[in-house]
Amino acid sequence: MEIKAIRGMNDILPDDMPKWHFVEQTARKIFRLYGFSELRSPILERTEVFFRGIGDDTDVVEKQMYTFTDKSGTAVALRPEATASVLRSVIEHGLLNREPIQKLYSIGPMFRYERPQKGRYRQFHQINIERLGEDGPLCDAETLHMAYALATSLGLAGVRMEVNSLGCDDCRQQFKTALKEFLREKEEKLCTDCARRKNTNPLRVLDCKVVSCKQAVEGAPSIEDFLCEACRVHYHEVLAALDALGVPYEKNPRLVRGLDYYTRTTFELTAEGLGSQNAVAGGGRYDHLIQTLGGPDVTGIGFAFGMERLIMLLPEQVQDNRGCFVVAQGNATVQLTALTLLKALRSVQIPAEAVFGKSFKAQMRKAGKSGYPLCVILGEEEIAQSMVTIKNLQDSSQVQVDMAGFVEKVRSLLDK
RNA sequence: GUGAGUGUAGCUCAGAUGGUAGAGCACAGGAUUGUGGCUCCUGUGGUCGUGGGUUCGAUCCCCAUCACUCACCCCA
-2 MEIKAIRGMN DILPDDMPKW HFVEQTARKI FRLYGFSELR SPILERTEVF FRGIGDDTDV
58 VEKQMYTFTD KSGTAVALRP EATASVLRSV IEHGLLNREP IQKLYSIGPM FRYERPQKGR
118 YRQFHQINIE RLGEDGPLCD AETLHMAYAL ATSLGLAGVR MEVNSLGCDD CRQQFKTALK
178 EFLREKEEKL CTDCARRKNT NPLRVLDCKV VSCKQAVEGA PSIEDFLCEA CRVHYHEVLA
238 ALDALGVPYE KNPRLVRGLD YYTRTTFELT AEGLGSQNAV AGGGRYDHLI QTLGGPDVTG
298 IGFAFGMERL IMLLPEQVQD NRGCFVVAQG NATVQLTALT LLKALRSVQI PAEAVFGKSF
358 KAQMRKAGKS GYPLCVILGE EEIAQSMVTI KNLQDSSQVQ VDMAGFVEKV RSLLDK
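Residue 405 in my numbering is what sits at position 408 of the first sequence, and the numbering runs on without skipping anything.
Written out as structure tokens, the structure is:
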């Protein structure tokens, strides 16, 4: 039987690599503009980190984690998301003691045991940021703005930002109670899933796509009406700041996130063309998470982009094909000289390639397919005169130049 | 975990009421004793997902199984 990759775990092949590099480079560039630094945490953590961080009755923790016991008997898990892991690192190293404001990003693989589908894989990659120790509404607005800036810098079209406030614990408790009460009367209209979760996770019912559920929740209480004074002011100031920054957004009081730790501001970035999983990014504020994980009482906000979903939205990247192919035909001296030409080109940072052990014709074919604009041709005639032939592969013109100065000639032709 | 669809060459796909398979692209070689991309010719490459059943005979029909894809749940 053929050996294949594990379900939901994909190879990223060279053809796609330019897109990945583009995404990563763009993200690093944007984050630097906002003063963020990179932090890399391990892929494996004690299971407890996510158990305490994400919430033990969320789907992510309940049924999607890759967990096992290592050889010492420690319960460990492949990280299903970055935030809990990054915060564990921040707490462990006391970063907040040294500098009470931390602006961090990380990029890497995450693991969730789910059925794969378009835009969802068991190993997937996220670009993640955490911003700790600031809690004014302007901090939230600027953070959402940074997410928006990344999306637009990547050239994503048709991106929409949806914003909501989940309030603090007090607001949310009151809202949940009211919502449960409302749903109790609508019970018969709900789909089987919603009938089940109206008690466990009533906020989710608001988000259901089943038509009868959509009808049932019309006129349902809105979180907006349950925000306490402080939360309402905070929310409005966030929105006002987004307006001032020119970030287009839509309020979505039914926007619910699946991780338990969110408080107040939450948001999602969606795009078309992703199929059913249309969120490219999501995030929000988490005012108690650091403390929950055993750290100081410091607030935070963060978001994550799904890299595979970003990649799907990108057009083909134009490759940088500056470089030169070397084609050699003749005796051993010619071959050896060709090798030194390659070395000379590379020593001045010009990418250079050749294929060895192939016919002249085959070498030329490879040169043509290489995408390089130039090739250097070396044969016994050239060697005899101490010359090389430089051919322009785009217009087929060629010149003979002295071997001593050929590198400079190649460089000037490439830089034209 | 649930549902639907699809599994034939490296890729995209044809195919016959059941008689062991084709095209395009890609790859390799040639037409051109030292000049690629275009054109033409030639070639390599498939246990027709796997196992079982029906049959003289199955890639095709039946069953099972696995894989992939999409959707639900949930999320990036």
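For each residue, glycine too, the CB sits at the ideal point set by N, CA and C.
Considering only their Cβ atoms, is the gap separating residue j from residue i smaller than 8 Å?
i	j	result
residue 63	residue 108	yes
residue 368	residue 328	no
residue 104	residue 164	no
residue 303	residue 127	no
residue 265	residue 279	yes
residue 398	residue 321	no
residue 357	residue 326	yes
residue 138	residue 271	no
residue 124	residue 24	yes
residue 387	residue 371	yes
residue 75	residue 159	no
residue 118	residue 6	yes
Please state whether DSSP places residue i in a helix, a strand or coil.
i	result
residue 142	helix
residue 122	strand
residue 86	helix
residue 241	helix
residue 256	coil
residue 402	helix
residue 217	coil
residue 262	strand
residue 172	helix
residue 341	helix
residue 106	strand
residue 55	coil
Considering only the alpha carbon of each residue, which of the options lies closest to residue i?
i	options	result
residue 402	365, 348, 117, 373	373
residue 162	227, 261, 210, 12	261
residue 173	43, 300, 50, 218	218
residue 257	8, 31, 47	47
residue 49	410, 136, 275, 286	286
residue 425	362, 353, 378, 346	Since the first residue of the chain shown is -2 and the last is 413, residue 425 is not available in this structure.
residue 331	289, 379, 292	379
residue 12	394, 370, 334, 308	308
residue 349	134, 364, 357, 65	364
residue 122	21, 384, 413	21
residue 51	68, 180, 80, 124	80
When you compare only the Cα positions, how much space is there between residue i and residue j?
i	j	result
residue 428	residue 183	The structure shown has nothing for residue 428, since the chain only spans -2 to 413.
residue 59	residue 4	20 Å
residue 201	residue 8	34 Å
residue 314	residue 360	27 Å
residue 89	residue 289	14 Å
residue 91	residue 324	58 Å
residue 170	residue 223	9 Å
residue 245	residue 149	12 Å
Problem set entry | Runs of alpha helix (DSSP H) wholly within the stretch 267 to 337 (minimum 4 residues, chain order) | The stretch 267 to 337 contains these whole alpha helix (DSSP H) runs: 286 to 289, 304 to 310.
Problem set entry | Those runs of the beta strand (DSSP E) which lie wholly inside the stretch 350 to 388 and span at least 3 residues | Runs of beta strand (DSSP E) with 3 or more residues, each lying fully within the stretch 350 to 388, are found at 371 to 376, listed in chain order.
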